[in-house]
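S.K.: The opening position of the sequence shown corresponds to residue 1 in the working numbering, with each subsequent residue numbered one higher.
Below you'll find the structure I mean.
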Amino acid sequence: MGNKVSVKPILRTDKILKNGNSPIYLQVIINSVKKTFTLNENVAPKDWDKKSGEAKGKGYKPLNDKITKEKTDLELFLRQNELAGVPLSFALVDNFLKGTNNNDFYAVFDEVLEMKKGDGLAEDTVYKYETLRKRLKSFKAKLFTSDIDSVFITKFNNYLKKLEIGEGGLYNHHKCLKCIINEAIEYKKFKGDNPYKSKKSLKVKSPDHKTIFLEEEEVLKILKFKPTSSTMKATKYMFLLSCCTGLRYGDLYSLKVSDIDWNNKIISKKMLKTKHIVDIPLNRQIRALLARFLTNKKPSDKVFPEISNQVGNRILKKIAEECKIDKEISFHVGRHTFASYLVNNKNVSLPLVSKLLGHRRIANTMIYTNSNVKNLRSVMDVSRYG
């Protein structure tokens, strides 16, 4: 059975202020139990219309607009909580009116994400938000906006660490959650400040993108590695294709047979992140990698089987261990390796590497290029005076 709830603006004529006015309250009745809550506004008793629950006369429109908004906002809040299965109470009302919101956070999350999609959010960014939502749901099935504070953020971060999603994964999850909360505040769906701004809140730093890439001999070790399952096999070759093409995980995952032009020997792919087309010529090694997964497939089929980024990265760690590669390998390391290999080992110019990576600015390409120790030594060997 549903709750019987009513909200009505009233004037507390039993209270007289120094200016002769009386304070305006919201009278809330939940299942025949009544309580009043101040709106921190007042008006002369002669200017109050008891029947309509608003002030009468000239100059009161701003006040009446505020009263109407507070009333309708509270009514909507109570309806949403009742539908979400939250027990209605006067404490809930008090928290709401004081600025503590208790909306169903997943409903707020979905609403904000739909608005962001309408603004042209890239597909791989949508994927990041959807992954965040799934992991929030796994962490806490029922989540309300009032639950989200600096303590919650720390606990969620500890949960994410157990999933072994890496520093980049942690950073992206917090970045997306912070953004959702900011926009929820803007749309009046989340009251108060973003807990990420709190001095007590967890500080998540952006990972160093230049730290990890593979040397040529390490890539060859993975090439020679023999997988023990079909999933491990697909992961191995997806990673190697990234090392050979620079494609991101999202672009590998969504790669279709129709993206491959065998006649002209080229991959022509619309990148999920930037929505720009990148053209990658197919050398013999790339063609051999792709051929393993194209048997009996239609043009609309995906080249690789469905493997989540998290599962794939976990498998890559196992492959690295088996190959005795002492590095934290993830799919994105393949993209780093591609750029680093071309620049440092093959002396390919940055503009050409930038073109293959699908970058519009060479400055973006600099993040993915690394000078290995051997190259640095050779530079220093010739850097002598006299």
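The beta-carbon is built from N, C-alpha and C at its ideal position, and this holds for glycine as well.
In the DSSP assignment, find the beta strand (DSSP E) that holds L214 and state where it starts and stops.
M.R.: First-last for L214: undefined, no H or E at that position.
S.K.: For Y159, which residues in the same chain have their Cβ closer than 6 Å to its Cβ, ignoring the five residues on either side in sequence?
M.R.: The residues are F139.
S.K.: Are there 16 or more other CB atoms within 10 angstroms of the CB of A291, so buried, or fewer, so exposed?
M.R.: Per the 10 Å Cβ criterion, exposed.
S.K.: Thinking C-beta only, is I30 closer than 7 Å to L88?
M.R.: Contact: yes.
S.K.: Can you give me the C-alpha to C-alpha distance between C243 and K199, rounded to a whole angstrom?
M.R.: Near 41 Å, if we compare the C-alpha coordinates of K199 and C243.
S.K.: Count the CB pairs spanning the stretch 259-277 and the stretch 317-335 that are closer than 8 Å, and state whether there are at least three.
M.R.: They do not touch, by the three-pair rule.
S.K.: Within 10 angstroms of its Cβ, does K236 collect 16 or more other Cβ (buried), or is it exposed?
M.R.: It counts as buried.
S.K.: For a test of the three-state rule: what should DSSP assign to D301, helix, strand or coil?
M.R.: Reduced to three states, the DSSP call for D301 is coil.
S.K.: Rounding to the nearest angstrom, what Cα-Cα distance links K18 and E41 in this structure?
M.R.: Distance between the alpha carbons of K18 and E41: 14 Å.
S.K.: Is the Cβ-Cβ distance between I180 and V112 less than 7 Å?
M.R.: Against a cut-off of 7 Å, the Cβ pair of V112 and I180 comes out as a contact.
S.K.: Which value, in whole angstroms, describes the spacing of the CA atoms of T68 and K51?
M.R.: Approximately 14 Å between the Cα atoms of the pair.
S.K.: Let me know the secondary structure DSSP gives L132 once reduced to three states.
M.R.: Of the three classes helix, strand and coil, the one that applies to L132 here is helix, per DSSP.
S.K.: Does P195 pass the burial test, meaning 16 or more other C-beta atoms within 10 Å, or should it be called exposed?
M.R.: Buried, since its Cβ has 16 or more Cβ neighbours within 10 Å.
S.K.: Taking its Cβ as the centre, do 16 or more other Cβ atoms sit within 10 Å of N309, making it buried, or is it exposed?
M.R.: It counts as buried.
S.K.: If we count Cβ pairs, one from each stretch, closer than 8 Å, do we get three or more for the stretch 61-81 versus the stretch 6-16?
M.R.: Yes: at least three Cβ pairs fall under 8 Å.
S.K.: Are there 16 or more other CB atoms within 10 angstroms of the CB of D14, so buried, or fewer, so exposed?
M.R.: Exposed.
S.K.: Starting from E70, trace the beta strand (DSSP E) in both directions and tell me its first and last residue.
M.R.: Counting along the chain, E70 falls outside any beta strand (DSSP E), though it belongs to the alpha helix (DSSP H) covering 61-83.
S.K.: From the DSSP output, read off the bridge partner residues of D104.
M.R.: In the DSSP output, where bridge partners are listed per residue, D104 has F144.
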